[in-house]
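Okay, so here's the structure we're looking at.
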Amino acid sequence: MISHSQIYRARAALATHYYADQADDYYSREGGAASWQGEGAQRLGAVGKIDPARLKAMLQGDFGRGIAAGRSIRKDAKARAALDLTFGAPKSITLQALIGGDERLIQANDKAVAAALAYVEQHLTLGRHKENGKSRIEHTGNLIIAKFRHETARPTEGAAPDPHLHVHAVLMNLTQRADGSWVALSNEKIFQLLRVTDSIYQAELERNVRALGYGVRHEKSHIELAHISREKIEFFSKRSAGITAELSARGTSREEAPHALRQGITLAHRQAKTQELSRTELHRQWRDAATTIGMQFDHARQQADIQPTQNMKQSSDLVAQASLNWAIQHLAERESVMPLADLLQNAVRHAGGHTDITAIQAAIQGRVESGALIREAPHYCSTQDRMALPMTRAGWATEVIRLRGLAQGSALQLVDQAITEGRLLMESPRYATRQAYEAESRILAADQAGRSAWQTTIADTSVESSLDTRLTPGQREAVMLITTDVDQVAGIQGLAGTGKSFALQNAQAILQQQRHTMTALAPYGNMVRNLREDGIPANTIASVLAASDKRPFINTLGPKAVVVIDEAGVVPIRQMDKLLALIQPTGAKVVLLGDTAQTKAVEAGRAFAMLQENGMKTVLMADIQRQRSERLRQAVQLAAEGQASRSLPLLDQVLTIPDQFTADEHGHKSRDSSARYEAIAQAYVQLPPADQAGTIVVTGTNASREAINARIHTLLGLKNKGHQCQLLARHDTTRAERSVARYYAVGDIVVPERDYQCGLKRGGLYRVIDSTRHDRITVEPIRPGPSPTQPVEIIPKTMSKLSVYRLNRAELSVGDHVRITRNDAHNDLVNGQLAKVATIDASSITIETHGRHVQLPTDRPLNMDYAYTTTAHSAQGLTCDRVLYNAESFSRTTAQDTYYVSISRERHEVIVFTDDAKKLPERVDQMTYKGLAHDLQAVAPEDLTHGQNEQDPLALRAESELEVG
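Here the sequence shown is numbered in my numbering, starting from 88 and rising by one per residue.
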């Protein structure tokens, strides 16, 4: 894993002392633990072993040979001296290397670090300088890197440090241009593509470890040696265990907690490295501890010596193609538009060291040439004006023509010159699949074919006489569109709180009078329940599409049927394509009802918005009724129109509760948001019980949701008054991940959505107990009682209907408000349904919901969670009296659409809690982009030379070979 921090000149002496602290490490005494890397270092004569005095001078801006920080580099003490990229080896490799004594693993890790840094140097190294006040960027391809290998973690209080093999790569803030001048290093691309670099490190490490004969298993985004269990790893992670415990106390975990929270707690647990024990004595203690818990290092080494891996012999090109296939399937499920960096990162990650990034780049280029992938024409961003949108070469030429009135040839020549000089910098390209483009095209074609194609017999005059007089103008238009408009596919853009349910009920009554029918489809079970309570027959979209026999549904349709697709804005391209193909041939009318300004589909594409953008007949319901005050109605209206920052002053309160910050030895700051979570929880519990029932807390992330929920449970006085229960939380995985054994971790809970011949039963719970084989996992059923269980080995790629969950533990007490998190047909419970705990004991829990009581056993995990706090995505469709909104100015989950959803749920009051009210307006104006394959400008013939570097697509080089005219 790679972490990063900045080093400042003011801390040069302290940083030098810290990095040189490995001199007495057990395996570093023979030298080689501190070394230079990089072409820039060689040009300065910095080779071999690192002299601490020279390192300190460089960090202070003196690079020797008469070279000092250039005129474009700040000289003050707060100036950037270097960037520290820290490569942390997986813990099991640390243990086998440092305690087990296999020094080959240390070299394997060193080689993986060197390979990752070589990629950074070759592809991501940019130099920034100013000429005549204008910023210019040049790809330099040379770095000055000081590498320091350390073997210990910082100790916990009162304990010796744990083993922790890691390498600090210190990238000096200096690089050399082609003209020989030295300029400041630009870190932007290094940060943007850090995940690609980390994938290269992990893949190279896996390759090197397998070459030594070790078996590996995959845990999340890294590997571990197969013969060292997670329990033994945790034994040697005392500091890590303390951090995990504190995260758990805050209601979150390492996987779910945001980076800032993890980093803040890590720094709080950090102490200076102790020198009280010699490295020899420390190493002896580690060996004794390993013997005590029964670790078998020698046996593993013998196995390593006699069992070379067979997978390394596979063709690199075939592996590259297969890995790219998987990466495309994984990414395309969620996004139609895929940045090159994401393709590379996921393909390299999946390859596991059996190929390299060059082969994967070649595979991508091959897909473009075959037409399987659509590549966006090269876009260039201005290094002078960061606000300017990236444009193609032709686009920039058009802008030059507009501003200067030049001929096209002259304009293109100026653009090419700007590219050559680094004033225009090529963006990393984006891709889409041909399948995505074709699915979008079918949806658009369905709309076109349906224009004036619905053979309605309902007259406008008969409808107008039946309209409810309480309808708003927007509702009246919606009812007329549903009942009389002749387009077979049509839309209703309904803003939040405009009374969509009332309009649908009125339309249904009119259709029934005219001997027509209305049915509805919705994305989620709670939406279906609401529609049914309004008297409208409804089903989930998934249930209709997944049915093996679709005739019962089709038989209810025909030319006199209207199908309403509710919350159409969250229906992805994949489902919309299938729905229109299923419904349109029956002659039924399809009405899409939703709001493009609210949260988008989890899966790829923006089908509802695309249809509106391409001319689908759409009426607007904009008469907001939910908010009882004119002030709040205006705030919601502004948010719906994309003017979120203007709506903020109209809200009831915006309370600023700053986060707490801590800094490490390099001055890197991390935040702790617990004070704001406490304030939100306090605000909730101080409400009268009746008001609490009409209040929801809305936040952006699952980690903050869990933390606030846990705190509310405590402040309500319910802690230690109930029973600890196992709760299931769905793993956010794609179908591609669920098809591959390596993406399952021991402890995951697998739930089949159908029966399988291997013995897995639909709805059963199975715990993963082994995932070390490349194509299969071993699971055991979770059964109540003492009866023995029989493990089952399954091959995930042959099982397309699996859901994956993780287990959480939480206390449930009488009076707790809970939310159901999975459909349960047997007990008539749907995902998202709210309930209250009525009784609970060691064997069962009884919940009250919709006036009835449901008893569930507690000797197996429950699909349930606290309901006090919800994310903005889950809040869509809810109505309440009051909203308490956690709007974090630093979080990507705070954006225009999530803000709009969050402030539009309430009738009476919305209170915003933020870390920084000054930064919040800019944050809530950020738009969430949900791409389409049709959004990409395909590569134009004149751009084939200018935009593609087949061997080096991430080089971002200034392309001097550009043609003119």
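Every residue gets a Cβ at the ideal spot worked out from N, C-alpha and C, and that includes glycine.
Buried or exposed by the 16-neighbour rule on C-beta atoms within 10 Å, applied to residue i
| i | result |
| --- | --- |
| L476 | exposed |
| L490 | exposed |
| N260 | buried |
| I1053 | A query on residue 1053 cannot be resolved here, the shown segment of the chain reaching from 88 to 1052 and no further. |
| P948 | buried |
| I882 | exposed |
| P736 | exposed |
| E225 | buried |
| M474 | exposed |
| L252 | buried |
| A428 | buried |
| G148 | buried |
| H940 | exposed |
| P560 | exposed |
Backbone secondary structure at residue i - three-state DSSP
| i | result |
| --- | --- |
| R496 | According to the sequence displayed, residue 496 carries Gly and not Arg. Three-state DSSP puts G496 in a helix. |
| Y106 | helix |
| R215 | strand |
| T980 | coil |
| H960 | helix |
| I927 | strand |
| E126 | helix |
| A100 | helix |
| F695 | helix |
| T865 | strand |
| E422 | coil |
| D911 | strand |
| R374 | helix |
| E677 | The sequence given here has Val at residue 677, not Glu. Strand, per DSSP. |
| Q747 | strand |
| H309 | strand |
| E508 | coil |
| I89 | strand |
| K136 | strand |
| F150 | coil |
Endpoints, beta strand (DSSP E) assigned at residue i
| i | result |
| --- | --- |
| H904 | H904 to I907 |
| N895 | L889 to L899 |
| S931 | S931 to T936 |
| K319 | Taken as a continuous stretch (DSSP letters only), K319 belongs to no beta strand (DSSP E), being part of the alpha helix (DSSP H) at R317 to F322. |
| L971 | C967 to N973 |
Opening and closing residue of the alpha helix (DSSP H) in which residue i lies
| i | result |
| --- | --- |
| P139 | P139 to L146 |
| I287 | L281 to A298 |
| P948 | P948 -> no alpha helix (DSSP H), and no H or E assigned at all. |
| P1008 | L1007 to V1011 |
| Q432 | L427 to A438 |
| E824 | R822 to R825 |
Short CB-CB distance (under 7 angstroms) between residue i and chain B
| i | result |
| --- | --- |
| I623 | Absent here is chain B; the protein component of the structure consists of one chain. |
(message) Does the region 128-142 come into contact with the region 89-98, if we say contact requires no fewer than three beta-carbon pairs (one atom in each stretch) closer than 8 angstroms?
(response) Too few Cβ pairs lie closer than 8 angstroms, so no.
(message) Under 8 angstroms: do the region 982-997 and the region 626-646 share three or more Cβ pairs, one atom per stretch?
(response) Cβ pair count under 8 angstroms is below three, so no.
(message) Across the region 686-701 and the region 455-463, are there enough close Cβ pairs to call them in contact, namely three or more that are closer than 8 angstroms?
(response) The region 686-701 is not in contact with the region 455-463.
(message) In chain order, what are the residue ranges of uninterrupted beta strand (DSSP E) at least 3 long that sit wholly in the region 443-494?
(response) Fully enclosed beta strand (DSSP E) runs of 3 or longer: 460-462 and 466-469.
(message) If we require 4 or more residues per run, which alpha helix (DSSP H) segments fall completely within the region 513-584?
(response) Taking 4 residues as the shortest admissible run, the region 513-584 contains the following complete alpha helix (DSSP H) segments, listed from N- to C-terminal end: 521-536, 547-551 and 560-571.
(request) Would you mind listing the beta strand (DSSP E) stretches within the region 700-745 that are 3+ residues and don't spill past its ends, in chain order? (result) Within the region 700-745, the complete beta strand (DSSP E) segments at least 3 residues long are 705-708 and 740-743, listed from N- to C-terminus.
(message) For the pair the region 806-818 and the region 770-778, tell me if three or more CB-CB distances fall below 8 angstroms.
(response) no
(request) Taking only runs that begin and end inside the region 767-820, name each unbroken beta strand (DSSP E) of 3 or more residues, in chain order. (result) 782-786 and 810-817
(request) Jot down the residue ranges of each uninterrupted alpha helix (DSSP H) in the region 171-212, minimum 4 residues, whole runs only, in chain order. (result) Counting whole runs of 4 or more residues, the region 171-212 contains the alpha helix (DSSP H) stretches 178-185 and 190-211.
(message) Any contact between the region 573-589 and the region 675-687? By contact I mean 3 or more CB pairs, one from each, below 8 angstroms.
(response) Contact between the region 573-589 and the region 675-687 is present: 3 or more CB-CB pairs across the two stretches fall below 8 angstroms.
(request) At 4 residues or longer, and completely inside the region 594-662: list those alpha helix (DSSP H) runs for me, N to C. (result) 612-620, 628-633 and 638-641
(message) Using a Cβ distance threshold of 8 angstroms, determine whether the region 969-982 contacts the region 700-715, with at least three qualifying pairs required.
(response) No contact exists between the region 969-982 and the region 700-715.
(request) Kindly confirm or deny that the region 833-851 and the region 899-906 touch, where touching means at least three C-beta pairs closer than 8 angstroms. (result) No, the region 833-851 does not touch the region 899-906.
(message) Quick test of the definition: if touching needs 3 or more C-beta pairs under 8 angstroms, does the region 551-571 touch the region 443-453?
(response) no
(message) So, does the region 991-1007 touch the region 495-508, judging by three or more C-beta pairs under 8 angstroms?
(response) no
(message) Across the region 820-831 and the region 977-984, are there enough close Cβ pairs to call them in contact, namely three or more that are closer than 8 angstroms?
(response) no
(message) When you compare the region 811-820 with the region 887-894, are there three or more beta-carbon pairs, one atom per stretch, that lie closer than 8 angstroms?
(response) yes
(message) Please give the ranges of any beta strand (DSSP E) in the region 231-273, keeping only runs that are unbroken, at least 3 residues long and fully inside the region.
(response) 232-239, 250-259 and 269-273
(request) Take every Cβ of the region 562-579, pair it with every Cβ of the region 540-552, and state whether three or more of those distances are shorter than 8 angstroms. (result) In short, these stretches touch, since the Cβ pair count reaches three.
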